[in-house]
Structure formats: structure tokens, C-alpha cells
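Novice: If you scroll down you'll find the structure; I have some questions about it.
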Amino acid sequence: MSAVTLLARRELQDSVRTYWFLVYSGVFVVGGLLLMVLGGAQSTVLGYRGFARAIAGLMHLALFVVPLMALFPAASALAGEREVGTLDYLMAQPVSRREIFAGKWLGVWGAVVLALAVGFGSTGFVATLRGVSPGLVLGLFAFTVLLATAFASIGLWLSAASPSTRRANSIGITVWLVFLTLGSLGVMSAFIRWGLPEWVLTGWALLNPIEACRLAVLPLLDSDANLLGPVGAALLASLGRGGLIAVATASLLGWTTLGLVAGSRVFRNEER
Amino acid sequence: MITARSLTKRYGEHVVLDSLDLDVPRGQRVALLGLNGAGKTTLLRCLLGLSRFEGSLTLDGLAAGSGAEGKRVRAQVGYVPQQPPRYDFRLSDFVDFFCSIRGCPTEGPESLLEDLGLSLANDGGKRLRELSGGMLQKALLAVAMGSGPPVLLLDEPTASLDPSARRDFLEAVRTAPSHLTLLFASHRLDDVEALADRALILDSGRFAFDGTLEELWRRSGVERPTRSIDSGGAPVLDDVLARIIDDRGHMGDGESGGDLESLDPGLRLYVENDQ
């Protein structure tokens with residue numbers, strides 16, 4: 000078994016044993032099923048559309064929770080080991096820094112995806128029983144995984160650059176808050192207040208991974224784009240549904256790449 | 000085997016290792032002595048690729064560092080740190096994981112653990128944090144030596160051990176195959192006498208002494224400790240350092256031993272405080 004696999008397996012096992020895994024899985028199971036029940040009550044009137052609304056609610060929950068769910072374990076992956084002195088011992092073994100970074104990332108990513116699969120899967124299963132397309136559920140799950148992947152990479156970058164878990168988590172929460180509060184509404188306010196050019200508004204919407212994920216999934220749920228908001232509607236009009244999904248996917252993959260490349264470089268060049 | 004040329008390590012303006020040259024042939028057992036902060040641990044860390052340095056440091060021609068060659072160097076080196084890593088592993092998982100990382104079967108460490116009075120069958124389920132300092136050091140030594148590496152690095156390995164654990168630890172190292180090259184940092188002269196056949200004294204980043212133990216005792220003028228690993232009343236390191244290192248940080252003649260006035264102010268304070 001390769002060093003990367005060994006490290007990833009160890010990280011995955013450690014993550015699954017921690018309370019956050021159960022908490023986040025539980026949040027998705029309970030939150031998702033609750034939304035399905037409420038959606039089911041509506042569906043007698045609205046039919047499929049009611050369940051789509053419930054799934055949309057689940058997606059909003061995911062947009063709020065998934066970044067944190069990926070950030071925290073990733074932020075502690077290297078910084079936590081550095082803090083308790085185990086990182087030096089690990090790095091004194093015949094394993095390269097690149098392998099340590101890759102193994103940590105894979106382990107954290109695997110744990111987050113597993114928690115999402117448990118939480119999202121149960122809700123998705125109920126939704127498909129109620130007539131929601133399995134393809135739609137899988138599409139939403141895929142974008143949720145992409146969002147988690149981007150934030151796991153950002154989290155590990157912060158972990159590589161921080162001397163302690165507390166510092167990495169603090170910066171992580173700040174990053175999360177910036178992305179969350181400066182969503183389309185936040186930027187809309189700035190747009191109106193300072194008269195920013197339109198490309199700043201649309202550019203920010205696509206650069207912000209949370210907003211990019213939202214813009215990618217909502218057209219899947221609502222072909223009328225009622226849930227997208229003005230920025231999303233404008234982007235949908237100019238890029239089309241496929242184009243919007245492609246650009247949003249590129250944004251999430253871009254954040255993943257940036258986190259991995261920058262984090263790996265910081266970790267490899269770290270002076271100890 | 001281990002070769003250093005102009006090995007220099009700086010932390011900002013502070014030079015920890017100052018243009019060191021060193022040759023350690025295969026099978027030699029070398030004790031690194033010096034005050035706290037003299038650079039002993041840093042030298043070991045450079046060889047493990049944990050610290051960057053200037054100059055060259057090689058093991059069998061492979062460059063130490065964090066790159067691909069550094070990984071091959073580490074594959075040949077077993078390491079026991081001064082502070083045991085605080086993993087939340089069970090002992091058996093710890094042995095299993097690091098044997099897998101080192102690419103060796105667990106039989107070697109298991110057998111060594113048995114020799115050291117630990118058994119995976121009985122103690123394997125214990126978490127590392129439940130083990131005493133002595134048991135932890137034994138586990139680390141078993142993992143370090145279990146794959147049969149040609150080089151063993153020990154960083155003050157017996158500093159926190161009780162006499163019994165220390166005896167077991169030293170016995171395991173002393174009875175290792177003769178081709179094992181040993182480089183260990185220590186403050187205990189009886190450990191040095193038990194394990195080493197060469198001593199290096201680091202002071203202000205340079206070697207203030209490099210020679211056999213016989214030369215060390217002769218130059219320092221201190222009573223030679225017994226080679227028995229059961230020894231208790233060994234001469235203290237301060238006596239040796241005070242007599243070897245002169246006020247310029249170079250090798251002294253050993254004849255003017257004990258003259259605190261001739262020492263570097265920092266070293267003098269250290270010795271005076273300890274007396």
C-alpha cells in the first residue's frame with residue numbers, strides 16, 4: 000500500500016471517529032427529512048414542484064453547512080499534528096511532504112464525502128421515492144461534493160500555512176463568512192451603493208465558490224430561474240443554463256486547484 | 000557513510016551550525032554532546048530533512064533534505080525523538096502504521112518490543128497516551144530499529160526514563176548489529192560510555208571536540224564512568240564541557256580544567272547555576 004493511501008486511510012479513520020462527522024451527517028439527515036416532510040405537505044397542492052422546493056431548501060442548508068464541514072477537519076489536518084508534535088515524527092519517516100499533503104487531503108475529502116453521502120443520500124432516497132428524478136438528486140449531490148472539495152482544499156492550504164488549529168480555523172471562518180455574506184445580495188448592495196460595473200458583480204458571483212455552487216444548482220431545480228436572484232438571472236440569460244453550470248463548475252474546480260497547489264507549495268517550502 | 004561539508008544552519012541572524020565538516024563511517028557509534036541549544040538536535044534534524052541548511056549533508060552519497068533523495072535517506076534512518084509524539088493511537092496501530100510507512104513487516108518491532116518487556120498481545124490495545132514515558136520510548140525504538148535500518152538517530156532518548164527502562168533501552172541499542180551506525184545526542188556521560196566509541200562536542204555551532212572516548216576523558220580530566228548500563232554516579236556533562244571548551248569556543252587543552260573565569264559568559268552562568 001502506498002504512503003498516500005496509508006495516510007489517507009488513517010486520516011479517514013480518525014475523521015470518522017470524531018464527533019463532527021456524526022454531527023454533520025445528522026444535520027443533513029434530520030434537516031433533509033424535515034424539509035421533505037414539509038415539501039410533502041406542500042406537494043398535495045404543488046405536486047413535484049413542492050419536492051423541488053424541499054430539495055432547494057436542502058441545497059441552501061448544504062451551501063451554509065458544507066463549507067464548514069470541509070473547512071474544519073482540513074484546517075486541523077496538518078496544523079493539529081504540528082501542534083502536538085506528531086508532524087515532525089511523521090516527516091522523519093520515509094515519506095515526502097507531497098505524499099503527506101496528498102494523503103491528508105484525500106483522507107479529509109473522503110470523510111466529508113462519506114458524511115455527505117450518509118446525510119444527502121438518505122434525503123435523496125426519500126425524494127426519489129416521492130417522484131423526484133434520481134438524476135436531479137445525483138446532480139445536486141455532485142455539486143455539493145464539488146463545493147466540499149473546494150473548501151477541503153482551501154482548508155488544507157490554511158492548515159499548511161498556520162502554526163495552530165485555532166489560527167487555521169479562525170482564518171477559515173473568516174473566509175467562509177466573507178464568501179457567505181458577500182453573496183449576490185451583499186455584492187448587489189455594493190453595486191447599488193458605489194455603482195460598480197456589472198462585470199464586478201457577475202465576476203464576484205462566479206469567483207465566490209458558495210455563490211458559484213448556488214448558481215449551478217438552482218437552474219437544475221427551477222427552470223424559471225425564480226430562485227436565482229437578479230445576478231443569477233442575468234448570468235443565465237447571457238450564458239445559458241449549460242454555460243452557467245460549466246462556468247460555475249470551473250470556478251469550484253479552480254478553487255480546488257488553487258488550494259491544492261498553494262497549500263502543497265507552502266507545506267513543501269515550510270521551514271522548520 | 001554520513002558526510003557533512005560546510006554544513007551551516009541559521010535561524011535568521013543566529014548561526015546554529017557553523018560550517019561543520021563531519022565524516023561518520025559505517026558502524027561507528029557517535030555521541031553528540033553540548034549544552035542546550037548547542038545544535039545537537041538541529042544536526043539530527045538536518046539529516047532527517049526536517050530543517051533546511053546550507054552546505055552538503057549526505058548519507059551514502061544521497062543528499063539529506065525534503066526532496067526525493069531525502070526520502071531515500073530517511074528510509075535508511077531509524078529515529079527516536081526526544082519528545083515522544085502524542086498520537087492518539089493504540090500501540091498496535093502505531094506499530095502497524097509506522098511499519099507500513101517504513102515498508103517493513105511488524106515482526107521485527109514486535110520481537111524487539113518483547114525483548115524490551117512490552118508485548119503487543121498484552122499492551123497492544125493501550126493508547127499511547129496511557130503508556131509511561133519509558134514504554135513510549137521503547138515503542139519508538141522498536142519502530143525505529145524494527146526495519147533494520149543502517150543508521151539510528153537518537154535524540155536524548157533516555158532523558159525521561161527511570162533506571163530500569165533506561166537499562167532495557169541501552170541494552171537494546173548496545174546489542175544492535177555491529178554494522179549499525181549510531182548518532183545520538185545526550186546529556187548523560189554514562190550513556191555515552193555505554194554506547195559510543197566517538198564523541199563530538201558542539202559549542203556555538205562548531206565542534207569543540209571530536210575524538211575517541213579515551214581522548215575525551217583524558218582531555219576533560221574527569222573520572223571515566225563505568226561502562227555498565229546500571230551505573231548511577233556518572234560525572235556530569237558540565238564538568239567535561241567546562242574543561243574541554245575554552246573561552247573562544249574551541250578545543251581546550253584539558254589541563255586548566257575547572258577555571259570558570261576562562262569560560263564564555265553564557266556557559267559560565269550555566270555551570271555556576273548548576274553547581
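Heads up: the protein sequence lines correspond to chains V and D, in order. Residue 0 is where the first sequence starts when you use numbering that gives the first Met the number 0, and the numbers rise one by one after that. Residue 0 is where the second sequence starts when you use numbering that gives the first Met the number 0, and the numbers rise one by one after that. Note that beta-carbon positions come from the ideal geometry of N, C-alpha and C, so glycine has one too.
Decide if D22(D) is buried, meaning its Cβ has at least 16 other Cβ atoms within 10 Å, or exposed.
Specialist: The count along the second sequence starts at 1 and reaches residue 22(D) at position 23. It counts as exposed.
Novice: When you check each C-beta in the region 125-139 of chain D against every C-beta of chain V, which residues fall closer than 8 Å?
Specialist: Residues: none.
Novice: Measure from the alpha carbon of V29(V) to the alpha carbon of each residue in L115(V), A236(V), L243(V), G202(V), then state which is nearest.
Specialist: Your numbering for residue 29(V) matches position 30 in the first sequence. Out of L115(V), A236(V), L243(V), G202(V), L115(V) has the C-alpha closest to the C-alpha of V29(V).
Novice: With C-beta atoms as the reference, is V76(D) less than 8 Å away from L49(D)?
Specialist: Position 77 of the second sequence, counted from the first residue, corresponds to residue 76(D). Position 50 of the second sequence, counted from the first residue, corresponds to residue 49(D). No, these two residues do not count as a Cβ contact at 8 Å.
Novice: Residues of chain V with CB closer than 8 Å to the CB of S159(D), please, in chain order.
Specialist: Counted from its first residue, the second sequence places residue 159(D) at position 160. Going along chain V, no residue has its Cβ under 8 Å from S159(D), so there is no contact; the nearest lies around 14 Å.
Novice: For A91(V), return the contacting residues in chain D, with the cut-off set at a CB-CB distance below 7 Å.
Specialist: Locating residue 91(V) in the first sequence gives position 92, where the first residue counts as 1. Within chain D, the residues near A91(V) are L47, L49, R73, Y78.
Novice: Going by other Cβ atoms of all chains shown within 10 Å of its Cβ, with 16 needed for buried, is Q12(V) buried or exposed?
Specialist: Locating residue 12(V) in the first sequence gives position 13, counting from the first residue. So Q12(V) ends up on the exposed side.
Novice: Ordered along the chain, which non-local residues of its own chain (more than five positions away) have a Cβ less than 7 Å from that of S263(V)?
Specialist: In the first sequence, counting from the first residue as 1, residue 263(V) sits at position 264. The residues are R97, F100.
Novice: Relative to the C-alpha of T7(D), which candidate in M144(D), D17(D), L153(D), L127(D) has its C-alpha closest?
Specialist: Your numbering for residue 7(D) matches position 8 in the second sequence. Among M144(D), D17(D), L153(D), L127(D), the Cα nearest to that of T7(D) is on D17(D).
Novice: Is there contact here, the region 176-189 of chain D with the region 143-151 of chain D, by at least three beta-carbon pairs under 8 Å?
Specialist: In short, these stretches touch, since the Cβ pair count reaches three.
Novice: Out of L60(V), V22(V), L67(V), point me to the one whose CA is closest to V177(V)'s CA.
Specialist: Counting from one through the first sequence, the residue named residue 177(V) turns up at place 178. Out of L60(V), V22(V), L67(V), L67(V) has the C-alpha closest to the C-alpha of V177(V).
Novice: I need the DSSP call for G248(D), collapsed to helix, strand or coil.
Specialist: One-based indexing of the second sequence puts residue 248(D) at position 249. Interpretation of G248(D) is limited by its pLDDT of 49, a score under 50 that renders its predicted location unreliable; no figure is taken from the coordinates.
Novice: Does S203(D) come within less than 8 Å of chain V when only Cβ atoms are used?
Specialist: The residue you call residue 203(D) lines up with position 204 of the second sequence. Taking Cβ atoms only, chain V never reaches closer than 8 Å to S203(D), which makes this a no.
Novice: When the cut-off is 8 Å and only beta carbons count, does G84(V) lie next to chain D?
Specialist: Along the first sequence, read from residue 1 onward, the residue named residue 84(V) stands at position 85. For G84(V), the answer is yes, since a Cβ of chain D falls inside 8 Å of its Cβ.
Novice: Taking its Cβ as the centre, do 16 or more other Cβ atoms sit within 10 Å of Y88(V), making it buried, or is it exposed?
Specialist: Within the first sequence, residue 88(V) is the residue found at index 89, counting from 1. Flag for Y88(V) reads buried.
Novice: Does any C-beta atom of chain D lie closer than 8 Å to the C-beta of V3(V)?
Specialist: Numbered from 1 along the first sequence, position 4 holds the residue referred to as residue 3(V). So no, V3(V) is outside the interface.
Novice: Report the CB separation of T248(V) from A215(V) in whole angstroms; it is logged as a contact under 8 Å.
Specialist: If you number the first sequence from 1, residue 248(V) lands on position 249. If you number the first sequence from 1, residue 215(V) lands on position 216. 6 Å between Cβ atoms; contact.
Novice: Would you say V94(V) faces chain D, with C-beta separation under 8 Å as the test?
Specialist: As a position in the first sequence, residue 94(V) is number 95, starting the count at 1. Answer yes: the Cβ-Cβ gap between V94(V) and chain D drops below 8 Å somewhere.
Novice: Hey, how far is the Cα of L238(V) from the Cα of F142(V)?
Specialist: Position 239 of the first sequence, counting from 1, holds the residue named residue 238(V). Position 143 of the first sequence, counting from 1, holds the residue named residue 142(V). Cα to Cα, the separation comes out at about 19 Å.
Novice: Considering only the beta carbon of each residue, do H186(D) and L152(D) sit closer than 8 Å?
Specialist: As a first step, residue 186(D) must be located in the second sequence, where it is residue number 187. As a first step, residue 152(D) must be located in the second sequence, where it is residue number 153. Not in contact: H186(D) and L152(D) (Cβ atoms no closer than 8 Å).
Novice: State the beta-bridge partners of V26(V) as determined by DSSP.
Specialist: Taking the first residue of the first sequence as position 1, residue 26(V) is located at position 27. Its beta-bridge partners do not exist; DSSP assigns none.
Novice: Specify the secondary structure class of H178(D) as computed by DSSP and reduced to three states.
Specialist: Reading the second sequence from its first residue, position 179 is the one you call residue 178(D). In this structure, H178(D) counts as coil in the three-state DSSP scheme.
Novice: Quick check on this structure: which residue in D161(D), A63(D), E213(D), D167(D) has the alpha carbon closest to the alpha carbon of L117(D)?
Specialist: Here the question's residue 117(D) lines up with position 118 in the second sequence. Of the candidates D161(D), A63(D), E213(D), D167(D), the one whose C-alpha sits nearest the C-alpha of L117(D) is D167(D).
Novice: Quick check on R28(D): does DSSP put it in helix, strand or coil?
Specialist: Reading the second sequence from its first residue, position 29 is the one you call residue 28(D). Reduced to three states, the DSSP call for R28(D) is strand.
Novice: At what residues does the beta strand (DSSP E) containing A207(D) begin and finish?
Specialist: Position 208 of the second sequence holds residue 207(D). Element bounds for A207(D): 205-210.
Novice: For a test of the three-state rule: what should DSSP assign to F124(V), helix, strand or coil?
Specialist: Here residue 124(V) refers to the residue found at position 125 of the first sequence. Of the three classes helix, strand and coil, the one that applies to F124(V) here is helix, per DSSP.
Novice: Would G54(D) and R4(D) qualify as a contact pair, given that the criterion is a beta-carbon distance under 8 Å?
Specialist: As a working note, residue 54(D) is residue 55 in the second sequence. As a working note, residue 4(D) is residue 5 in the second sequence. Yes, the Cβ-Cβ distance between G54(D) and R4(D) is below 8 Å.
Novice: By the 10 Å Cβ neighbour count, where 16 or more other Cβ atoms means buried, how is D87(D) classified, buried or exposed?
Specialist: Your numbering for residue 87(D) matches position 88 in the second sequence. Answer is exposed; the Cβ neighbour count stays below 16.
Novice: Against chain V, with Cβ distances strictly below 8 Å, would S65(D) count as a contact?
Specialist: For this step, residue 65(D) is matched to residue 66 along the second sequence. Answer yes: the Cβ-Cβ gap between S65(D) and chain V drops below 8 Å somewhere.
Novice: Please list, in chain order, the chain D residues whose beta carbon lies closer than 7 Å to that of Y88(V).
Specialist: The sequence position of residue 88(V) within the first sequence is 89, counting from 1. Ordered by position in chain D, the residues that pass the 7 Å Cβ test against Y88(V) are P80, P84.
Novice: Output the distance between the C-alpha atoms of L37(V) and V230(V), rounded to the nearest integer angstrom.
Specialist: Position 38 of the first sequence holds residue 37(V). Position 231 of the first sequence holds residue 230(V). Answer to the nearest angstrom: the Cα atoms are 28 Å apart.
Novice: Is it a yes or a no for the region 201-210 of chain V touching the region 156-172 of chain V, going by three-plus beta-carbon pairs under 8 Å?
Specialist: Too few Cβ pairs lie closer than 8 Å, so no.
Novice: Leaving out five residues on either side along the sequence, give the residues of the same chain with a beta carbon under 7 Å from the beta carbon of A73(V).
Specialist: For this step, residue 73(V) is matched to residue 74 along the first sequence. V107, A151, G154, L155, S158.
Novice: Expressed to the nearest angstrom, what Euclidean distance is found between the alpha-carbon atoms of V239(D) and L5(V)?
Specialist: For the purposes of this step, residue 239(D) is taken as residue 240 along the second sequence, with counting starting at 1. For the purposes of this step, residue 5(V) is taken as residue 6 along the first sequence, with counting starting at 1. Taking the straight line from one Cα to the other gives about 46 Å.
Novice: Spatial neighbours of A160(V) within its chain, please: CB distance less than 7 Å, with the 5 preceding and 5 following residues excluded, ordered by chain position.
Specialist: Numbered from its first residue, the first sequence carries residue 160(V) at position 161. Contacts found: V265.
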